[in-house]
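Participant: Those protein sequence lines, which keep their order, are chains A and B.
So in the UniProt record's numbering, spot 272 of the first sequence is number 272, and the numbers just go up one at a time.
So in the UniProt record's numbering, spot 5 of the second sequence is number 5, and the numbers just go up one at a time.
Quick reminder that beta carbons are idealized off the backbone N, C-alpha and C, glycines included.
2 protein chains.
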Amino acid sequence: MSSLEQLHHDDMQHTLRDVQALLARQKLEEDLIHRQDLHRHEDRRELVENLAHKQNVARITDKLTGLHPADIAFILEALPVDDRLFVWDLVRSAETDINDGEVLLEVSDAVRESLIEAMAPAELVAAAENLDTDELADLAPDLPKQVMDDIYLGLDTEERERLRAAMSYEEDAVGALMDFEMVSVREDVTLEVVLRYLRLFDELPDHTDQLFVVDREERLLGVLPLQRLLVNDPDSNVGELMLTDTLTLHPGDKADDAAKAFERYDLVSAPVTSRDRKLIGRMTVAAVVDFIRDKSEAELLGQAGLKEEEDIFAPVWDSVKNRWSWLAVNLVTAFVASRVIGAFEDSIEKLVALAALMPIVAGIGGNSGNQTITMIVRAIATGQMPPDVLRRLLHKEMSVALFNGVFWGGLLGLLAFALYRSWSLGLVMTLAMTLNLLLAAFMGVVIPLTMQRLGRDPAVGSSVLITACTDSGGFFIFLGLATLLLI
Amino acid sequence: MSSLEQLHHDDMQHTLRDVQALLARQKLEEDLIHRQDLHRHEDRRELVENLAHKQNVARITDKLTGLHPADIAFILEALPVDDRLFVWDLVRSAETDINDGEVLLEVSDAVRESLIEAMAPAELVAAAENLDTDELADLAPDLPKQVMDDIYLGLDTEERERLRAAMSYEEDAVGALMDFEMVSVREDVTLEVVLRYLRLFDELPDHTDQLFVVDREERLLGVLPLQRLLVNDPDSNVGELMLTDTLTLHPGDKADDAAKAFERYDLVSAPVTSRDRKLIGRMTVAAVVDFIRDKSEAELLGQAGLKEEEDIFAPVWDSVKNRWSWLAVNLVTAFVASRVIGAFEDSIEKLVALAALMPIVAGIGGNSGNQTITMIVRAIATGQMPPDVLRRLLHKEMSVALFNGVFWGGLLGLLAFALYRSWSLGLVMTLAMTLNLLLAAFMGVVIPLTMQRLGRDPAVGSSVLITACTDSGGFFIFLGLATLLLI
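#1: Who are the Cβ neighbours of B:Pro-80 in its own chain at under 7 Å, not counting the five residues just before and after it?
#2: If you count every other CB in all the chains shown that lies within 10 Å of the CB of B:Trp-317, and 16 or more means buried, which is it?
#3: Measure the beta-carbon distance from A:Glu-159 to A:Thr-133 and round it to whole angstroms, keeping in mind my assumption that it falls under 8 Å.
#4: Short check: CB of B:Val-238 to CB of B:Arg-186, under 9 Å?
#5: Out of curiosity, what's the CA-to-CA distance linking B:Leu-412 and B:Phe-344?
#6: Examine chain A for any beta-carbon lying closer than 9 Å to the beta-carbon of B:Thr-15, and answer yes or no.
#7: Using only the alpha-carbon positions, how far apart do A:Met-12 and A:Asp-71 sit?
#8: Name, please, each residue of chain B whose Cβ falls closer than 7 Å to the Cβ of A:Val-107.
#9: Please compile the residues from chain B whose C-beta is within a distance smaller than 7 Å of the C-beta of A:Ala-286.
#10: Which bits of chain A does B:Ser-64 rub up against, with CB to CB less than 8 Å?
#11: Alpha carbon to alpha carbon, how far is B:Leu-479 from A:Val-352? Give it in angstroms, no decimals.
#12: Below 8 Å CB to CB, which residues in the same chain sit around B:Leu-85 once its five sequence neighbours on both sides are set aside?
#13: Are at least three pairs of beta-carbons, each pair with one atom in the segment 214 to 226 of chain B and one in the segment 138 to 147 of chain B, less than 8 Å apart?
#14: Given 8 Å as the limit, is there contact between the segment 242 to 251 of chain A and the segment 268 to 287 of chain A, that is, 3 or more CB pairs closer than that?
#15: Secondary structure at A:Met-119, three-state DSSP: helix, strand or coil?
#16: When you compare the CB of residue 528 of chain B with every CB in chain A, is at least one pair closer than 9 Å?
#17: Using the Cβ count rule (16 or more neighbours within 10 Å means buried), how would you classify B:Ala-258?
#18: Cβ of A:Leu-211 within 9 Å of Cβ of A:Val-193?
#19: Does the beta-carbon distance from B:Asn-370 to A:Gly-474 come in below 9 Å?
#20: Per the contact definition of three or more C-beta pairs closer than 8 Å, is the segment 348 to 362 of chain A in contact with the segment 447 to 456 of chain A?
#21: In whole angstroms, what is the alpha-carbon distance linking B:Val-332 and A:Phe-407?
#22: Starting from the C-beta of A:Leu-486, find all residues in its chain whose C-beta is less than 7 Å away, skip the five residues before and the five after it, and write them out in chain order.
#23: Pick helix, strand or coil for B:Arg-339, following the three-state DSSP scheme.
#24: At a Cβ threshold of 9 Å, is A:Phe-442 touching chain B?
#25: Go through its chain and collect everything with a Cβ distance to B:Ala-286's Cβ below 8 Å, but skip five positions before and after it.
#26: Taking 9 Å as the threshold (C-beta atoms), are A:Ile-60 and A:Val-103 in contact?
#27: So, are the CB atoms of B:Met-433 and B:Val-340 less than 9 Å apart?
#28: What is the DSSP secondary structure of A:Leu-415, reduced to helix, strand or coil?
#29: Mind checking whether the beta-carbon of A:Gly-101 lies closer than 8 Å to any heavy atom of the ligand FMN?
#30: Taking any Cβ of chain B, which residues in the segment 333 to 348 of chain A have a Cβ under 7 Å from it, in chain order?
#31: Give the single residue among A:Ser-108, A:Val-111, A:Asp-89 whose Cα lies nearest to the Cα of A:Glu-123.
#32: Kindly indicate which three-state DSSP category B:Ile-447 falls into: helix, strand or coil?
#33: Using beta-carbon positions only, say whether A:Thr-430 and A:Gly-405 come within less than 9 Å of one another.
#34: Contact criterion: CB-CB distance below 9 Å. Does B:Lys-278 meet it with respect to chain A?
#35: Below 8 Å on C-beta distance, what does A:Thr-374 contact in chain B?
#36: Give the interface partners of A:Leu-327 over in chain B, defined as CB-CB distance under 7 Å, in chain order.
Rendered as structure tokens:
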């Protein structure tokens, strides 16, 4: 017991490589045996195949045994579908001693689907039985209705009530992220009594950093941090030592706001109460971390027009579905831009240099607009927008755009002159760049603020809209100016 | 003490609005008094002004008093520079009882700069004196050298050593994120002894969910979770109950890997040890949460080519500097694409429809390529890439591209036909779309995997590179095919 068996994070990479190697070896061996023995007796071949197979299965099972459900999830996500289902069968065999319900909770949505499809209804019911109510609520949307009905029958009244409550909240509400594993005490007892009470437990719930102090009606009176319990005189009273000004959440609160509060105050757990101050659950930093990670993933994916995280081994068709809507939107905006150009075909025919120069004006406008929009979407997300924000931001962004327009536009004007030996073309280029950058700045401020005012998430779709504006707008400004001044 | 003073997250929004309103009112009042009293006696006017000013200052100070440093930071970030410095002066006045060093730690980098600039060296030294060594290390890069020298002189030998160590690690290493507030115990004592030892503390460090068990040489033997301390018999020994297979970090470990381990195992704290297993610090979930948030911010900003988060009230010139490098890169790639078009000017002059259609091919290629790249960058970040990944991914992405090329390309071909009544132009459109989508898929797989192999972060710059490929490539393919088949 005196040496520390270091569980280091590199270990999981190694375990993954080992499992991948074993799976590859298994395929190779079985293939070899199959080929070598083609001319031998059928039974004999099967015997050898079976032996090799069993050996490999034992080796892989050995690797998996005792792993944390999150580690199993990590490995399953990294394997192609056929290997994944093979390993999933091994995981669920008795020897590994792994809670398959918890693995289902840990894997990504796309992978979870593939695992659930491979399980019989009875197996799913059995897997779900080991889960807490709040975990069950997370899994429920992915389970077949028949399975959920069976699980529901196996719950007691309190659990059913909790499950129903947890499932009734929006995905991004505190209610959907809270759990029910809270330890509560009364205010009129001494710390000594609390210490004795805690010794009745086999273990405390994870992330128990504070006990909840409630009255007889389960109304929250305050919280007693474990550290206060530990450093204070056992004869003191809970009521004297509890904190009454800690963060309290309601199940309908936005998870995003709760997450920000956790970050701001460095919390580990927070009580969730009903409107009449009854303690109904708690939220932990583990749920917050998962939420933050999921949200930032979704934002990054959303910016590239991916609906959800893709299982990189997903069938081609799944990928097509995940990506098509963005391509469709893009097709429409590109088509509109193309029609703007079409309207100036006569000008282009007369001065073909315009065709070569116009994508520069549109492209740089799009980039600049996206910079503005990203900055403003971030600022909106922090909730720190001042009342006179529109005026201030427009002033600032338009100033930046004017500077960039004169500087970069001037540079491009010189380049255009160098290429086509026309001062007037250079001038049009500089003017068009400046105007398109001003348009980009204006729309970059107005689009996200308008979306916010309309109650929509400014992070979604702003980027498509601004690019559409700066593309069509850029072509129109450049070709329009050229037609007026040059043709 | 029996009622719960709810600290609800909406409160900060309200406080912010109140402070903003008070600041606006102050300006208005002072302005009014100034105008009304222009004809009165100078002294009298100053008197009234002073009175109104004092009243407003008292009101704002009242709002700020007792706020958490993170809340003060929130408010400061939301204010324009002049208001911000005014409030910052109030915060630092004695009445509010706020630790200004901690506020400096909480604000964003850009805002921190503006606050530090407004402080005298002596004030900075005083602010820093209240901070822990690890916090000081975070602040150090932003402080003037003279101030750091003064602070350094005020530290004892152990603190100096820790500060030096903490500052010696890369920003994204565990060493830079760890703190030194760990409570350690010996393995050969009983829980009773530990409980009595803890009562000697006034308070335990935040996020103490486990005690570290060390030997006489400070080597880590295991950890004793507080919950084990609480539920077990006080007569049992630490050595019997400590866990020896928990996650241990080294200061040189990547913070990103450590954050993933925290997420995976739902940790609150983890010990940091040197190579010879000596306990040198600990990492907490609070540092992990901040790290995850900062990283995802940086990624989102980076995708739009912003170097760092902008203070939305920053001077125009700061914004220009923050954004210019991306615009410069974009200018180069756009110029290259423009030259590709320039090479086909003869063809465009003959068939001007090409000018209108070419941006569609380039644009959709760029979008599709960015989808592929985003998906692959995500997969690389999770560390789950299988050994034969290149072959698998190329096969899948090229299949998706082929499908999209035939489908969307076909649709565009029909549109081109409808607009220009030329079947061959429609055919060129379809072919070019398909080829450019295949190019996008190929580069979308190869670029991030190559960057990874070269040891670079595939999240940075991949998007610029792919857009450059699909723009120039798209123009080249479309105009090249058109020149071959139509001209």
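Facilitator: Looking at the coordinates:
#1: Phe-313
#2: exposed
#3: 5 Å
#4: yes
#5: 22 Å
#6: no
#7: 7 Å
#8: Going along chain B, no residue has its Cβ under 7 Å from A:Val-107, so there is no contact; the nearest lies around 11 Å.
#9: Asp-266
#10: One point to set straight first is that residue 64 of chain B is Leu, not Ser, in the sequence displayed. In chain order: nothing, as chain A lies at least about 16 Å away.
#11: 14 Å
#12: Ser-114, Leu-115, Ala-118
#13: no
#14: yes
#15: coil
#16: Outside the modelled stretch of chain B, which goes from 1 to 487, sits residue 528 of chain B, for which no answer is possible.
#17: buried
#18: no
#19: no
#20: no
#21: 15 Å
#22: Leu-351, Ser-424, Leu-425, Val-428
#23: helix
#24: no
#25: Asp-206, His-207
#26: no
#27: no
#28: helix
#29: The ligand FMN is not part of the structure shown, which contains no ligands of any sort.
#30: Ala-334, Phe-335, Ala-337, Ser-338, Ile-341, Gly-342, Glu-345, Ile-348
#31: A:Asp-89
#32: helix
#33: yes
#34: no
#35: Leu-300, Leu-301, Gln-303, Ala-304, Leu-306
#36: Ile-364, Asn-367, Ser-368, Asn-404, Trp-408
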